[in-house]
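The numbers in my numbering rise by one with no breaks, and the one at position 8 of the sequence shown is 0. All C-beta atoms in this analysis are idealised placements derived from N, C-alpha and C, irrespective of residue type, glycine included. The structure presented is a predicted model; accordingly, all values stated were derived computationally and were not measured. For reference, the structure is listed below as structure tokens.
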Amino acid sequence: MTVNPTQNISSLTLSKLTNLSYRSGELKPYLDTICENIIEILGEGIAAVNYYKEGKKHVLAVIPKDRHKEGALEAHGYLSTYVVNHQQVLNVEDATMTPEYGIPPKGYCSYLGIPLKLPNGEIVGTLCYFNQRKRHYTQEEQQISELFAERAAIALDNYEQFHQLKCYSDTLKTLVDQRTKELLGVREELVQKEKLAAIGEFASRITHEIRNPLATIGLALEYLQKTENINAKKRAVLATTEVNRLETLLNEVLLYSKPTQLNCQSVSLSQWLDDFLLTHDSLSQKCQLHFIHHKKSEVMVNADANKLTQICLNLLRNACDASSAGNEINWVTGIEDSMGFISVHNMGDIIPSSKLELITEPFVSAKAGGSGLGLAIVKSLISAHQGKLSIQSDKKTGTTITLFLPITNL
-7 MTVNPTQNIS SLTLSKLTNL SYRSGELKPY LDTICENIIE ILGEGIAAVN
43 YYKEGKKHVL AVIPKDRHKE GALEAHGYLS TYVVNHQQVL NVEDATMTPE
93 YGIPPKGYCS YLGIPLKLPN GEIVGTLCYF NQRKRHYTQE EQQISELFAE
143 RAAIALDNYE QFHQLKCYSD TLKTLVDQRT KELLGVREEL VQKEKLAAIG
193 EFASRITHEI RNPLATIGLA LEYLQKTENI NAKKRAVLAT TEVNRLETLL
243 NEVLLYSKPT QLNCQSVSLS QWLDDFLLTH DSLSQKCQLH FIHHKKSEVM
293 VNADANKLTQ ICLNLLRNAC DASSAGNEIN WVTGIEDSMG FISVHNMGDI
343 IPSSKLELIT EPFVSAKAGG SGLGLAIVKS LISAHQGKLS IQSDKKTGTT
393 ITLFLPITNL
């Protein structure tokens, strides 16, 4: 709508400026209103707010809305680019005759471009107006446009600061949430350690009380095994087996409940496993099994060699218990997901799917007569190394247990 000649342009401008209201985060409607006001004051045409960032021109608002596709554009060749580069008002009566300034939209001649200057003096864009007629804009029209450009620049500055603060707030919230999670994890770890310490003290005392009578029973059973009564001898042998099993269980309870103390050093996994399998070759002969070591890649890990022996001996015994004579137990060493790993695989009895997720919990066992502490101890020792444990078991592929350990920082 064209301004009524009888209407005072200054009072109209004052009215429009008074009614302008910017709310944090609502930039687009505010800039649209500025463009609408410019058109109402200067007459029918195109009004736009352009923002320049990282070498791109961004059309933030344009009225009428169907006159221009909003978004990021190449900066070269636009009248607004000239305004930004020269940091001054551009008042062109016929832009079709002055291509050195830039090219106007098709069907438009005159152009008025006002720089958008932030409070710190930086020019970041333009408030533009195009008219279809040749026209030289008056000093008053230029000053009015500068008032609206000032409002647009302040809104842009507030918008940027609002989003920076929001970004800082989101980052701070993420850091606080992360730190809170870490503190809760530390708290849970401390509570768990306190529980284990209490259990360990209790286990130590009760084990001492049980071991003494067990030793006495064991001596008595050894004496009975020397008797000439065959039935008594058989029963004594069975009872001795149970005594040994109880002693093993007591040792595992003590081991699980005791805090883990590591003496870590740089260990070559493949070399260490070769030595381990050679040391326990008698077990392969006893069980009539074949141990095979596949070396995918050489890797040095940060580990306690004694604890590593304890872990792999447990896995080896489990694999032997699950396998039939003549079978292979395959070991693999290498690097995966930036960690060193050892895996042991057998095609023997599998771990039931119902127990697979719980198999590392205390007193959960997949085999008859098992204490249910072996894999719980393995998991505890690997966790102490800041490592991971993976267990897969099904009838088609067999059982594979993989332990991951941190690679040595060279």
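Identified DSSP bridge partners for residue i
i    : result
G474 : Outside the modelled stretch of the chain, which goes from -7 to 402, sits residue 474, for which no answer is possible.
T391 : N338 and S385
E294 : Note that residue 294 is Asn in the sequence shown here, rather than Glu. Paired residues: S258.
E320 : H282
L108 : G117
K380 : F396
Test item: CB-CB of residue i and residue j under 8 Å
i    : j    : result
V245 : T199 : yes
A144 : L9   : no
G117 : V183 : no
L213 : A231 : yes
S137 : I106 : yes
C304 : F355 : no
R125 : C159 : no
G364 : N310 : no
P96  : T88  : yes
A317 : Q277 : no
E85  : R127 : yes
L348 : S382 : no
T208 : M292 : no
S335 : I393 : yes
A297 : V259 : yes
A368 : Y215 : no
I342 : T271 : no
K49  : Y74  : no
G340 : N319 : yes
L104 : N83  : yes
N150 : Y14  : yes
L34  : E133 : yes
C256 : A295 : yes
L254 : A376 : yes
G403 : Y121 : Residue 403 is absent from the model: the chain starts at -7 and stops at 402.
Y43  : L148 : yes
K371 : T352 : yes
F140 : L119 : yes
G326 : L397 : no
T252 : L157 : no
Unbroken beta strand (DSSP E) run spanning residue i, endpoints
i    : result
G117 : I115 to N123
S289 : Element bounds for S289: n/a, residue is neither H nor E.
L368 : Per the sequence presented here, residue 368 reads as Ala, with Leu not at that position. Counting along the chain, A368 falls outside any beta strand (DSSP E), though it belongs to the alpha helix (DSSP H) covering G366 to A376.
I38  : I38 to K45
S258 : Q257 to S260
Buried or exposed (CB count within 10 angstroms, at least 16 for buried), residue i
i     : result
I30   : buried
K299  : buried
E174  : exposed
P205  : exposed
D162  : exposed
N306  : buried
D329  : exposed
G99   : exposed
S3    : exposed
V324  : buried
N338  : buried
E290  : exposed
T25   : buried
T(-2) : Here T(-2) scores only 39 on pLDDT, less than 50, and its place in the model should not be relied on; the value that follows carries that caveat. Classification of T(-2): exposed, given that the 10 Å Cβ count is below 16.
N11   : exposed
N221  : exposed
L164  : exposed
N123  : buried
A190  : exposed
T5    : buried
Continuous alpha helix (DSSP H) stretch holding residue i: start and end
i    : result
Y22  : L19 to L34
N11  : I1 to N11
S347 : The question names Ser, but residue 347 is Lys in the sequence shown. Segment S345 to L348, the alpha helix (DSSP H) holding K347.
Residue i CB to nearest heavy atom of the ligand GDP below 7 Å
i    : result
K347 : Ligands displayed in this structure: none; no statement on the ligand GDP is therefore possible.
Taking only runs that begin and end inside the segment 134 to 176, name each unbroken beta strand (DSSP E) of 3 or more residues, in chain order. Taken in chain order, no unbroken stretch of beta strand (DSSP E) lies wholly in the segment 134 to 176 with a span of 3 residues or more.
Minimum length 3: unbroken beta strand (DSSP E) runs contained in the segment 51 to 105: Segments of the beta strand (DSSP E) lying fully in the segment 51 to 105: 63 to 66 and 82 to 84.
Runs of beta strand (DSSP E) lying entirely within the segment 196 to 279, each at least 3 residues, in chain order: Listed in chain order, the beta strand (DSSP E) elements of length 3 or more contained wholly in the segment 196 to 279 are 257 to 260.
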